[in-house]
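Below is one structure; the comments refer to it alone.
Numbering (our numbering), first residue to last: 27 to 167.
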């Protein structure tokens, strides 16, 4: 655990070393909590995200920007035109449904809610599976 410091406002703070950026500058993620126990839980959660390969500094990026970046990466791969069209449709849907979300705010229940709504609207199971597959391929978890 990183060394916890008590701030003047009464919160506890710990900085987690993330490594160095392209300019060799050290990068840290600050975690804040009301108690040492809560701080330890939050720090553990950040370390789990790091272990999964998530960019914890990008948690405030908008979902739409992230989806556009992912789509551009997919366009560089050798994918059939039909599959690329499917990805475009899926990204469009997810951007509309998760508009205003930051990456760190998207939860599994948000995704399940959208998928259930699509199924209730009468979309085929294959189409719902396509949308589920697209979001799972890009999920940060």
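Even for Gly, the Cβ is constructed at its ideal location relative to N, Cα and C.
Between residue 107 and residue 142, the alpha-carbon positions lie close to 28 angstroms from each other. Judged by their CB atoms, residue 33 and residue 39 are nearer to each other than the 8 angstroms cut-off. Residue 125 is positioned such that its CB atom lies no closer than 8 angstroms to that of residue 93. Pairwise C-beta distances place the segment 112-125 in contact with the segment 146-162, as three or more of them are shorter than 8 angstroms. In chain order, 36, 37 and 38 place their CB closer than 8 angstroms to the CB of residue 60, counting only its own chain and leaving out the 5 sequence neighbours on each side. Counting C-beta atoms within 10 angstroms of its own C-beta, residue 157 has 16 or more neighbours from the protein chains shown and is therefore classed as buried. The three-state secondary structure of residue 40, taken from DSSP, is strand. For residue 53, the uninterrupted beta strand (DSSP E) segment begins and ends at 52-59.
Straight-line spacing of the CA atoms in residue 56 and residue 42 works out to 6 angstroms. Shown here, residue 46 sits in a strand according to DSSP, grouped into three states.
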